[in-house]
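Peer 1: This is the structure I want to talk about, given as structure tokens.
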Amino acid sequence: MPDLVPEEIERYAEEHTTPPVPLLAELADETRATLRSPQMLTGTVEGRFLELLVWASGARRILEIGTYSGYSALSMAAALPDGGRIDTCEVEERHAEVARRYIARSPHADRITVHLGPALETIERLEGAFDLVFVDADKENYVNYYEAVLPRIAARGLIAADNTLWSGRVLDEQDQSEGTRAIRAFNEHVRADERVTSVMLTVRDGVTLIRRNP
Ligand SMILES: C[S@@+](CC[C@H](N)C(=O)[O-])C[C@H]1O[C@@H](n2cnc3c(N)ncnc32)[C@H](O)[C@@H]1O
């Protein structure tokens, strides 16, 4: 993934971010050693960002779309208040298996549920409102995820959508691949939506924070 931010700046930011706890470091190593597309892992800086977002928002009910090996779910769980919980959706059995194994070894095993299957089906089955939704799965469904969860965001809730800069390819007009067109369409959809207030952050591969207007 080409760097949106100069590599030395990314490295400096990572060196000045609290390192991951040993279990997360081990998870990251196993992910890189055994799973396909390890660049999908959120990693140190974005993991701490999500953790502090949960901390600052006091989010109790979190929905994650795209578990992979569980790094971001475990990062967010570290800041959950008592009684808080995370529902995370994953379609690939191999990914869910790794995530479940690390979640079981973590102090958060009773607060994270991995739902195996297509996320849109899982979202329909889940009840209630969400304080935070982290969207980080198949880009082609981003608008569908957004429209499925926006009505279910709590009054002070947030949506955080990952990869909204898509390695800079959002600006490359030559790139008409399905993923790039899907991210562009999502970004335009959010920008044009008067129901929300949003900010696109140049954190890692782009994170867009969205809240519903009162
Ligand atoms: C970018 S990764 C998620 C990274 C993860 N949040 C982390 O921090 O490590 C995207 C994940 O979404 C899963 N996925 C793709 N399409 C999906 C779908 N329709 N429903 C559920 N999960 C899906 C992929 O298998 C992959 O594990």
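End of the sequence shown sits at 213 in numbering that gives the first Met the number 0; the numbers just go up one at a time, nothing left out.
In this text, a Cβ means the ideal position worked out from N, Cα and C, and glycines have one as well.
Remember, predicted model here, so these are calculated numbers, not experimental data.
1. Count the other C-beta atoms from every protein chain shown that fall within 10 angstroms of the C-beta of residue 66, then say buried if there are 16 or more, exposed otherwise.
2. Which class does residue 236 belong to by DSSP, given the choice of helix, strand or coil?
3. Does DSSP classify residue 53 as helix, strand or coil?
4. Output needed for residue 135: all residues of its chain with C-beta closer than 6 Å, excluding positions within five of it in sequence on either side, in chain order.
5. Examine ligand 1 and report whether any of its heavy atoms sits within less than 7 Å of the Cβ of residue 40.
6. Among 193, 30 and 145, which has the Cα closest to the Cα of residue 122?
7. Taking only heavy atoms of ligand 1 into account, decide whether any of them is closer than 7 Å to the Cβ of residue 140.
8. What is the C-beta distance between residue 50 and residue 78, in whole angstroms, given that I count them as a contact (C-beta under 8 Å)?
9. How would you call residue 109, buried or exposed, if buried means at least 16 neighbouring beta carbons within 10 angstroms?
10. According to the neighbour-count rule (16 or more other Cβ atoms, all chains shown, within 10 Å of its Cβ), is residue 169 buried or exposed?
11. Taking DSSP as the reference, what is the three-state secondary structure of residue 156?
12. Tell me the residue span of the alpha helix (DSSP H) that contains residue 22.
13. Quick one: complete beta strand (DSSP E) runs, 3+ long, within the region 90-143?
14. Using only the alpha-carbon positions, how far apart do residue 70 and residue 167 sit?
15. For ligand 1, is there a heavy atom less than 7 Å away from the beta-carbon of residue 66?
16. Identify whether residue 68 lies in helix, strand or coil by the three-state DSSP scheme.
17. For the region 85-102 against the region 111-122, are there 3 or more C-beta pairs whose distance is under 8 Å?
18. Can the beta-carbon of residue 130 be found closer than 8 Å to that of residue 156?
19. According to the Cβ coordinates, are residue 101 and residue 26 closer than 8 Å?
20. Should residue 213 go down as buried or exposed, given a rule of 16 or more other Cβ atoms within 10 Å for buried?
21. So which of 177, 56, 189 and 18 has the shortest CA-CA distance to residue 139?
Peer 2: Looking at the atomic coordinates:
1. Position 67 of the sequence shown, counted from the first residue, corresponds to residue 66. That one is buried.
2. The question about residue 236 has no answer here: the residues shown for the chain are numbered 0 through 213.
3. Numbered from 1 along the sequence shown, position 54 holds the residue referred to as residue 53. Note: residue 53 maps to helix in three-state DSSP.
4. Here the question's residue 135 lines up with position 136 in the sequence shown. Correct list, in chain order: 65 and 161.
5. Sequence index remark: in the sequence shown, residue 40 carries index 41 (1-based). For ligand 1, at least one heavy atom lies less than 7 Å from the Cβ of residue 40.
6. To locate residue 122, count along the sequence shown from 1; it is residue 123. If we check each option's Cα against that of residue 122, 145 comes out closest.
7. What you label residue 140 is simply residue 141 of the sequence shown in a count that begins at 1. It does: the Cβ of residue 140 is within 7 Å (strictly closer) of some heavy atom of ligand 1.
8. Numbered from its first residue, the sequence shown carries residue 50 at position 51. Numbered from its first residue, the sequence shown carries residue 78 at position 79. Right, the Cβ-Cβ distance comes to about 5 Å (below 8 Å), so this counts as a contact.
9. In the sequence shown, the residue the question calls residue 109 occupies position 110. Per the 10 Å Cβ criterion, exposed.
10. In the sequence shown, residue 169 corresponds to position 170, counting from 1. Buried.
11. Numbered from 1 along the sequence shown, position 157 holds the residue referred to as residue 156. Strand.
12. Sequence index remark: in the sequence shown, residue 22 carries index 23 (1-based). Segment 21-33, the alpha helix (DSSP H) holding residue 22.
13. 111-115 and 129-134
14. Here the question's residue 70 lines up with position 71 in the sequence shown. Here the question's residue 167 lines up with position 168 in the sequence shown. Answer to the nearest angstrom: the Cα atoms are 24 Å apart.
15. As a working mapping, residue 66 is identified with position 67 in the sequence shown. Within the cutoff, so yes.
16. The sequence position of residue 68 within the sequence shown is 69, counting from 1. Correct three-state label for residue 68: coil.
17. yes
18. One-based indexing of the sequence shown puts residue 130 at position 131. One-based indexing of the sequence shown puts residue 156 at position 157. Taking 8 Å as the Cβ cut-off, residue 130 and residue 156 qualify as a contacting pair.
19. Taking the first residue of the sequence shown as 1, we reach residue 101 at position 102. Taking the first residue of the sequence shown as 1, we reach residue 26 at position 27. Yes.
20. Position 214 of the sequence shown, counted from the first residue, corresponds to residue 213. So residue 213 counts as exposed.
21. Looking up residue 139 in the sequence shown gives position 140. Residue 139 has its Cα closest to that of 177, out of 177, 56, 189 and 18.
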